[in-house]
Amino acid sequence: MSDTIRISKTTSENPDFINLIGALDKSLWERYPELKTDYWGNNIIELNPNVVVIYLENNPVACGCFKKYDKDTIEIKRMFVSLEARGMGLAQNILRELELWAHDLGYSFSVLETLYKQKEAIALYQKTGYSIVDNYEPYVGLENSICMRKQI
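With the UniProt record's numbering, letter number 47 in the sequence shown gets 47, and the count goes up by one each step, no holes.
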């Protein structure tokens, strides 16, 4: 494959990350218009120093980040791969990069939440070692949420 892929560790202030999560939000609200009020507050990214953006031929095409959940655990947030870059394994690259970064910072576990219609995401997470667990806060009682956990 001749496509040049570059992985960049950055922050939530990165304009490419901001644009990618804008596209993520748009795709989620198109797929789940009825859930916007239930979930909007869970997707606000305060200043986050743990962001990964993947560039394909210098174009930003994928992103993800993590934040501290508790002293041993991080939560994966804002995973997204643009339509034109899907099927290239970039989501796995993002996850691996985020998990290694969190491990280097002393974390032992990773949790994440996705929505039940995100069949591709659920399959990806299970393929990379995540197991479905009971919903954790703030997703307790939200039946559309699928929560997962992995030792990293």
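For every residue, glycine included, the Cβ atom is placed at its ideal position computed from N, Cα and C.
query: When Y125, T114, L124 and V51 are compared against V140, the one with the closest alpha-carbon; result: T114
query: Contact test: L124 Cβ vs the ligand ADP heavy atom, cutoff 8 Å; result: This structure lacks the ligand ADP, and indeed carries no ligand of any kind.
query: Presumed contact (8 Å Cβ cut-off) between Q92 and L56, rounded CB distance; result: With a Cβ gap of about 15 Å, Q92 and L56 do not count as contacting.
query: Alpha-carbon spacing of S90 relative to V81, whole angstroms; result: It is Leu, not Ser, that sits at residue 90 in the sequence shown. Taking the straight line from one Cα to the other gives about 7 Å.
query: With 16 other Cβ atoms within 10 Å as the buried cut-off, status of M1; result: Any answer about M1 is weak, because its pLDDT of 46 lies below 50 and its placement is not dependable; what the coordinates show is given next. By the 10 Å Cβ count, M1 comes out exposed.
query: Cutoff 7 Å; reference E143; Cβ partners in own chain excluding five residues on either side; result: none
query: Where K119 falls, given that 16 or more other Cβ within 10 Å makes a residue buried; result: exposed
query: Sub-9 Å separation of L98 and I122 beta-carbons; result: no
query: Residue ranges of each alpha helix (DSSP H) within the UniProt domain "N-acetyltransferase" (8-152), 4 or longer; result: 15-31, 36-39, 90-104 and 119-127
query: Stretch-stretch touch, CB-based, cutoff 8 Å, three pairs: the stretch 49-67 with the stretch 19-31; result: yes
query: Residue from L47, Y107 and A85 whose Cα sits closest to the Cα of D70; result: Y107
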